[in-house]
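J.: Let me begin by handing over the structure; questions about it come next.
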């Protein structure tokens, strides 16, 4: 799935995707939506009456180097 590769690639702006079941049988997953607005945008695209799987790229880190003597 191209959207999955884009989320994994740090060189693209796409940082989240949502997949859901294509039909009521729940046998086939398909891309619902993807975007580059981070976790906030990801959450805005979820509907309470639907089951989804999501994938979000997040960058975390320590802005300060701490030295322990």
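Numbering (my numbering), first residue to last: 100 to 168.
From the three backbone atoms N, C-alpha and C, an ideal C-beta is built for every residue, glycine too.
Owing to the predicted nature of the structure, the values given are computational and were not obtained by experimental measurement.
1. Using the DSSP secondary-structure output, state which residues sit across from residue 133 in a beta bridge.
2. In chain order, what residues of the same chain lie with their CB nearer than 6 Å to the CB of residue 121, ignoring the 5 residues before and after it?
3. By a C-beta neighbour count over all protein chains shown, 10 Å radius and 16 as the cutoff for buried, is residue 102 buried or exposed?
4. Which residues bound the alpha helix (DSSP H) around residue 159?
5. If I measure Cβ to Cβ from residue 141 and keep anything under 8 Å in the same chain, skipping five residues before and after, which residues do I get?
T.: Taking the geometry as given:
1. 116
2. 127 and 129
3. buried
4. No alpha helix (DSSP H) holds residue 159; DSSP gives it neither H nor E.
5. 115, 117, 134, 153 and 155
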